[in-house]
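This report refers to the structure that appears directly beneath it.
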């Protein structure tokens, strides 16, 4: 009798490990899907987006989208990575709005060389929410990702 119960408990531990591994896989897949969706939500165009609409892509903002998985807490964080330098908070300011600093330096008309002093300007950024529409868009798919991953166990 004791031998049978021991085998059952060993199998339950193995099953729990498989479920835990499946949860972690689902977290990474959901994070990757969220990051890809976030990158695709930025529209590439020359016009400036209206306040309250999804921002237009100017420069390298699509590359700032990232996700991070905490396997101990079983959470995924999807958002914009902060860059270094004076404009480091610009990605964070896009979602809620606010003021940020910007660098401006004149360039030579023909050669493109920088001339003159670097000027620091305070700029007002109007809110262009990106995270709330993202959450609404990816919620049904992430539920399906978790269900499908746990079905495989």
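Numbering (the working numbering), first residue to last: 45 to 197. Idealized CB from N, CA, C, for every residue including glycine.
For residue 157, no alpha helix (DSSP H) encloses it, and the DSSP letter there is neither H nor E. Inter-segment contact for the segment 98-113 and the segment 69-84 is present: three or more beta-carbon pairs are separated by less than 8 Å. In this model, residue 139 and residue 58 are separated by some 43 Å (Cα to Cα).
The secondary-structure analysis by DSSP pairs residue 123 across a beta bridge with 110. DSSP places residue 146 in the strand class (E or B) of the three-state scheme. Less than 8 Å divides the Cβ of residue 146 from the Cβ of residue 167. The Cβ atoms of residue 187 and residue 66 lie no closer than 8 Å to each other. Sorting 169, 78, 114, 79 by C-alpha distance to the C-alpha of residue 93 places 169 at the top.
Judged by beta-carbon spacing, residue 150 lies within the 8 Å limit of residue 160, meaning their Cβ atoms are closer than that value. In the structure shown, residue 181 falls within a helical segment according to DSSP collapsed to helix, strand and coil.
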